[in-house]
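Residue numbers (mature numbering (1 follows the signal peptide of the UniProt record, and there is no 0)): -21 to -1, 1 to 288.
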């Protein structure tokens, strides 16, 4: 299953969970807070941890007085000392309109369930940065007995965003010389919002990182694939997948390639030697060979080993 499909599945399961929980105005890990006039909100209890570049879901459900008709869900970000966000403050999200919301949050926040009749006020915030840490407060707008009204819940969701510590996942199948293969790199996290930029770099012993060219790379959302033909000179090479999220958030993972020789009449190993010394060193391993022939090319300073099995 692709990472994009996993992302969709993750959101779908959240929707199912929240939709079912709205029947009882609760969900796992949530705590309900009610007022004397029957306005209740259920939020995740305690700190909600997230990492830069990724996303965070604020689980939320609510109930109102019987005569209150909900027409909008509004979220505010409060400074810690404030007991309640003032309704004159600029919201980070308004289900009615994307205008008149904090520019820094515009386009990054959305409801998981747009149908407000389900009493689901859960939101997802994408492309996180450390400044998103803080307290988030809910206000519902609508009409009460035919008159325009609204209610701001006192309880808040507490979000802490730290630097990205998760790394990409690099899947490397068994590598055999001369047989085309495909490697896969998947960005960390179940969601981020904006698609990250994924690049592949490799480095031989004593060399600098260099972009991979002449091979097939395909990026699809959170996943990138690299298709190439392994050779003996790829053995022992460090291959790095670098993922760059929005706000210049970067994470990477490095693997060492292990290329084997298929069982045939011969297999070629390329290695360089110094003219002043005929000593060679290589970690490329062969087994079950009966003889060895060395062909030296002093001009190219390359040793060709033909190993017979």
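By construction, the Cβ of each residue, glycine as well, lies at the ideal position given by its N, Cα and C atoms.
The model shown is predicted, which means the values in this text are computed figures rather than measured ones.
**Prompt:** Would you report the Cα separation of residue 181 and residue 111, rounded to the nearest angstrom?
**Reply:** 35 Å
**Nearest candidate by alpha-carbon position, reference residue 100, set 39, 169 and 131** = 39
**Prompt:** Does DSSP classify residue 297 as helix, strand or coil?
**Reply:** Outside the displayed range of the chain (-21 to 288) lies residue 297, so it cannot be described from this structure.
**Item:** Test item: CB-CB of residue 203 and residue 163 under 9 Å
**Value:** yes
**Request:** State the CB to CB distance for the pair residue 34 and residue 103, rounded to an integer number of angstroms; the pair is presumed to be in contact (CB under 8 Å).
**Result:** 6 Å
**Asked** Taking the C-alpha atoms as reference points, what is the distance between residue 120 and residue 172?
**Response** 27 Å
**Asked** Quick one: Cα of residue 139 to Cα of residue 209, how far?
**Response** 44 Å
**Asked** To the nearest angstrom, how far is it from the Cα of residue 229 to the Cα of residue 223?
**Response** 4 Å
**Message:** Just to check my reading of the structure: residue 132 and residue 154 have Cβ atoms closer than 8 Å, yes? What is that Cβ distance to the nearest angstrom?
**Reply:** That belief does not hold up - the Cβ atoms of residue 132 and residue 154 are roughly 56 Å apart, past 8 Å.
**Request:** For residue 32, count neighbouring C-beta atoms within 10 Å of its own C-beta (all shown protein chains included) and say buried if the count is 16 or more, exposed if not.
**Result:** buried
**Message:** Suppose the cutoff is 8 Å on Cβ atoms and the five residues either side in sequence are ignored; what does the same chain contact list for residue 17 look like?
**Reply:** 42, 43, 44 and 45
**Prompt:** Expressed to the nearest angstrom, what Euclidean distance is found between the alpha-carbon atoms of residue 201 and residue 106?
**Reply:** 13 Å
**Request:** Tell me whether residue 144 is buried or exposed, calling it buried when 16 or more other Cβ atoms sit within 10 Å of its Cβ.
**Result:** exposed
**Through-space distance from residue 206 to residue 79, alpha-carbon basis** = 47 Å
**Asked** Excluding five sequence neighbours on each side, which residues of the same chain lie with their C-beta closer than 6 Å to the C-beta of residue 26?
**Response** 137 and 139
**Request:** Write down every uninterrupted run of the alpha helix (DSSP H) in the region 62 to 140 whose length is 4 residues or greater and which is fully enclosed by it, in chain order.
**Result:** none
**Request:** Tell me where the beta strand (DSSP E) around residue 164 begins and ends.
**Result:** 160 to 165
**Message:** Among 95, 77 and 124, whose alpha-carbon lies nearest the alpha-carbon of residue 87?
**Reply:** 77
**Asked** Applying the criterion that 16 or more other CB atoms from any shown protein chain within 10 Å of the CB defines a buried residue, is residue 127 buried or exposed?
**Response** exposed
**Asked** Going by the beta-carbon positions, is the gap between residue 341 and residue 219 smaller than 9 Å?
**Response** For the chain, the structure presents residues -21 to 288; residue 341 sits outside this window and is missing.
**Prompt:** Per DSSP, residue 47 is paired with what?
**Reply:** 123
**Separation of residue 167 from residue 14, as counted between CA atoms** = 40 Å
**Request:** Within its chain, find whatever has a CB closer than 6 Å to the CB of residue 262; leave out the 5 residues flanking it on each side and keep chain order.
**Result:** For residue 262, the predicted structure reports a pLDDT of 41, less than 50, and the residue's modelled location is therefore unreliable. The matter cannot be settled from this model.
**Item:** Residues that DSSP places opposite residue 198 in a beta bridge
**Value:** 203
**Request:** Determine, using beta carbons only, whether residue 91 and residue 49 come nearer to each other than 9 Å.
**Result:** no
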